[in-house]
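Below is one structure, written out as structure tokens; comments come after it.
2 protein chains.
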Amino acid sequence: MNETQNAVPATKRVRVKRLPDRARYDRETIEAILDEAFICHVGFNTEHGPVVIPTGYGRDGNNLIIHGSAASQMLRDLSKGVDVCVTVTILDGLVLARSAFHHSMNYRSVVIFGKAELITEKEEKNRALEILSEHIIRDRWKDVRPPSDKELKATTVLRLPIDEASAKVRVGPPKDDEEDHSINVWAGVVPFETTLGAPIADERNIGALPGYLRQE
Amino acid sequence: MNETQNAVPATKRVRVKRLPDRARYDRETIEAILDEAFICHVGFNTEHGPVVIPTGYGRDGNNLIIHGSAASQMLRDLSKGVDVCVTVTILDGLVLARSAFHHSMNYRSVVIFGKAELITEKEEKNRALEILSEHIIRDRWKDVRPPSDKELKATTVLRLPIDEASAKVRVGPPKDDEEDHSINVWAGVVPFETTLGAPIADERNIGALPGYLRQE
Numbered sequence: 001m002n003e004t005q006n007a008v009p010a011t012k013r014v015r016v017k018r019l020p021d022r023a024r025y026d027r028e029t030i031e032a033i034l035d036e037a038f039i040c041h042v043g044f045n046t047e048h049g050p051v052v053i054p055t056g057y058g059r060d061g062n063n064l065i066i067h068g069s070a071a072s073q074m075l076r077d078l079s080k081g082v083d084v085c086v087t088v089t090i091l092d093g094l095v096l097a098r099s100a101f102h103h104s105m106n107y108r109s110v111v112i113f114g115k116a117e118l119i120t121e122k123e124e125k126n127r128a129l130e131i132l133s134e135h136i137i138r139d140r141w142k143d144v145r146p147p148s149d150k151e152l153k154a155t156t157v158l159r160l161p162i163d164e165a166s167a168k169v170r171v172g173p174p175k176d177d178e179e180d181h182s183i184n185v186w187a188g189v190v191p192f193e194t195t196l197g198a199p200i201a202d203e204r205n206i207g208a209l210p211g212y213l214r215q216e
Numbered sequence: 001m002n003e004t005q006n007a008v009p010a011t012k013r014v015r016v017k018r019l020p021d022r023a024r025y026d027r028e029t030i031e032a033i034l035d036e037a038f039i040c041h042v043g044f045n046t047e048h049g050p051v052v053i054p055t056g057y058g059r060d061g062n063n064l065i066i067h068g069s070a071a072s073q074m075l076r077d078l079s080k081g082v083d084v085c086v087t088v089t090i091l092d093g094l095v096l097a098r099s100a101f102h103h104s105m106n107y108r109s110v111v112i113f114g115k116a117e118l119i120t121e122k123e124e125k126n127r128a129l130e131i132l133s134e135h136i137i138r139d140r141w142k143d144v145r146p147p148s149d150k151e152l153k154a155t156t157v158l159r160l161p162i163d164e165a166s167a168k169v170r171v172g173p174p175k176d177d178e179e180d181h182s183i184n185v186w187a188g189v190v191p192f193e194t195t196l197g198a199p200i201a202d203e204r205n206i207g208a209l210p211g212y213l214r215q216e
């Protein structure tokens with residue numbers, strides 16, 4: 001079960017039921033996944049049923065930071081403190097087995113349950129937006145024009161405590177039935193690789209390419 | 001609004017409210033996004049609140065195909081015909097503006113609302129699994145051992161009609177305020193590129209690398 005002293009509290013809804021050997025409850029694993037991905041999928045219930053919306057995020061210690069337009073229905077719903085489930089998924093590879101049945105994917109995912117809280121204080125809001133920006137592209141914040149008071153007012157920023165959370169991780173080769181190993185078909189893993197491509201300057205760009213965008 | 005004769009029916013919950021100029025309701029756009037991505041995020045409500053789970057999928061004409069273990073709580077819940085929201089997101093790039101406020105991402109996403117239906121008939125179930133497999137890795141199905149009756153029984157396969165659906169698409173450069181264009185900072189788009197890496201053969205692999213895994 002990989003539970004450590006530094007585990008998040010285990011509530012009923014956060015326990016991984018299917019394939020529990022893939023479950024991780026330690027903060028290190030959960031935070032590493034959150035720190036690597038760019039977007040989360042936010043699920044909540046509305047009068048019209050469940051809704052799942054993709055959005056960027058950041059992590060401030062034990063809180064996930066989400067932001068959006070103050071006019072966004074999602075942000076308005078979440079500001080009210082409704083139950084929310086936020087899921088972050090990284091696809092690592094296709095797992096190709098000898099049987100159709102044992103095909104799988106290697107992935108790392110985190111599911112967080114809780115209620116989001118509004119960040120209203122100006123300095124705290126600014127700091128949360130900086131964390132979000134730095135999460136997505138490090139060292140950018142100091143280069144750009146900071147939010148004006150009007151822009152800050154037009155932006156809703158929420159924190160979601162990472163208290164009720166679990167990770168699920170599949171790694172490694174296919175797990176075929178013993179008798180299928182004699183089937184003459186290629187079996188193994190095909191990794192996914194996500195990289196940043198060559199930057200495309202805006203047609204009115206006047207700035208030099210910053211260090212954080214230079215290809216190694 | 002990009003509505004065409006071939007648009008999906010527009011219900012209240014499916015209308016894109018925020019930034020409606022990014023909305024697309026035509027089947028061509030919706031299907032192209034669904035056909036390109038590998039995983040979806042499935043949201044539904046439970047007695048413990050909303051849950052969002054990542055999973056693979058396929059598309060059979062006007063139906064999304066989802067599958068999983070018959071023992072999975074998600075599949076059991078969805079089989080009952082509860083309301084579900086399935087979201088597919090492709091990240092295309094980071095949009096770097098002159099102001100923090102106008103930073104964004106280029107993306108293509110689809111949101112589908114509806115109720116899933118169980119596929120029970122054996123031939124239909126097999127065909128749905130083949131479609132799912134071919135969606136993820138084309139030409140693989142014919143090479144592998146097909147599902148046994150026991151494996152088919154252990155697998156739940158669902159179809160979700162793509163009737164209530166919308167896409168949201170952001171493309172192109174940053175949209176800065178006119179007065180910010182004189183700020184001396186690089187502005188533009190950094191594309192994301194997801195590729196398949198070099199295949200890693202299983203240690204007991206005896207098959208030759210198939211054509212669909214050879215790097216161009």
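Just so you know, the sequences run in chain order A and B.
1 is the number of the first residue of the first sequence in my numbering; add one for each residue after it.
1 is the number of the first residue of the second sequence in my numbering; add one for each residue after it.
From the three backbone atoms N, C-alpha and C, an ideal C-beta is built for every residue, glycine too.
If you draw a straight line from the C-alpha of B:Asp-92 to the C-alpha of B:Ala-37, how long is it?
12 Å
Under 7 Å between C-beta atoms of B:Val-185 and B:Asn-106:
no
Residue-level contact to chain A via CB, B:Arg-170, 7 Å cutoff
no
Along the chain, where does the beta strand (DSSP E) that runs through A:Glu-164 open and close?
164–170
By the criterion of Cβ-Cβ separation under 7 Å, what are the contact partners of B:Asn-205 in chain A?
Trp-186, Ala-187 and Gly-188
Determine the direct distance from the alpha carbon of A:Ala-70 to that of A:Lys-122, and round the result to whole angstroms.
15 Å
Taking the Cβ atom as the reference point for each residue, do A:Tyr-212 and A:Asp-143 lie within a distance shorter than 7 Å?
no
A:Ala-187 in three-state terms, based on DSSP:
coil
Any Cβ of chain B within less than 7 Å of the Cβ of A:Leu-158?
no
For A:Leu-158 and A:Ile-39, believed in contact at Cβ under 8 Å, the rounded distance
15 Å between Cβ atoms; not a contact.
Is the Cβ of A:Lys-115 closer than 7 Å to any Cβ of chain B?
no
Using a Cβ-Cβ cutoff of 8 Å, what residues of the segment 191–202 of chain B are near chain A? List them in chain order.
Pro-191, Phe-192, Glu-193, Thr-194, Thr-195, Leu-196, Gly-197, Ala-198, Pro-199, Ile-200, Ala-201 and Asp-202
Counting beta carbon pairs with one atom in the segment 105–119 of chain B and one in the segment 78–95 of chain B, are three or more of them shorter than 8 Å?
yes
Mind pulling the beta strand (DSSP E) runs of 3 or more residues that sit fully within the segment 41–65 of chain B?
49–56 and 58–60
Measure the C-alpha to C-alpha separation of B:Met-1 and A:Leu-196 and round it to an integer number of angstroms.
Unreliable positioning characterises B:Met-1 in this predicted model, as indicated by a pLDDT of 39, which lies under 50. The coordinate reading is nonetheless provided below. Each residue's Cα considered, the two are about 31 Å apart.
Are the Cβ atoms of B:Arg-18 and A:Ser-72 separated by less than 7 Å?
yes
What in chain A is Cβ-close to B:Pro-174, meaning under 8 Å?
Asp-202
Member of B:Glu-179, B:Glu-178 and B:Glu-130 whose CA lies at the smallest distance from the CA of B:Gly-56:
B:Glu-130
Taking the beta strand (DSSP E) that A:Ser-109 falls in, what are its first and last residues?
104–115
Can you check whether the CB of A:Pro-199 is closer than 7 Å to the CB of B:Gly-188?
yes
With B:Leu-96 as the anchor, note down where its beta strand (DSSP E) starts and where it stops.
83–96
With a Cβ-Cβ cutoff of 7 Å, do A:Gly-68 and A:Thr-194 count as a contact?
no
If you reduce the DSSP assignment to three classes, tell me which class B:Ser-72 lands in.
coil
From what residue to what residue does the beta strand (DSSP E) around A:Leu-132 run?
Note, A:Leu-132: premise wrong, no beta strand (DSSP E); alpha helix (DSSP H) at 122–136.
As assigned by DSSP and simplified to three states, the class of A:Thr-11:
coil
What residues of chain A sit near B:Ile-151, judged by a beta carbon separation below 7 Å?
The sequence given here has Glu at residue 151 of chain B, not Ile. Near B:Glu-151 (Cβ distances below 7 Å), the residues of chain A are Phe-101.
Take A:Pro-146 as the anchor and find which of B:Leu-152, B:Ser-182 and B:Ala-100 has the nearest alpha-carbon.
B:Ala-100
Any beta carbon from chain B within less than 7 Å of A:Arg-127's own beta carbon?
no
Contact criterion: CB-CB distance below 7 Å. Does A:Pro-210 meet it with respect to chain B?
yes
What are the residues of the segment 67–78 of chain A that lie near chain B, defined by any Cβ-Cβ distance shorter than 7 Å?
Ser-69, Ala-71, Ser-72 and Gln-73
For B:Ala-32, three-class secondary structure by DSSP
helix
From B:Asn-126 to B:Leu-152, what distance separates their C-alpha atoms?
8 Å
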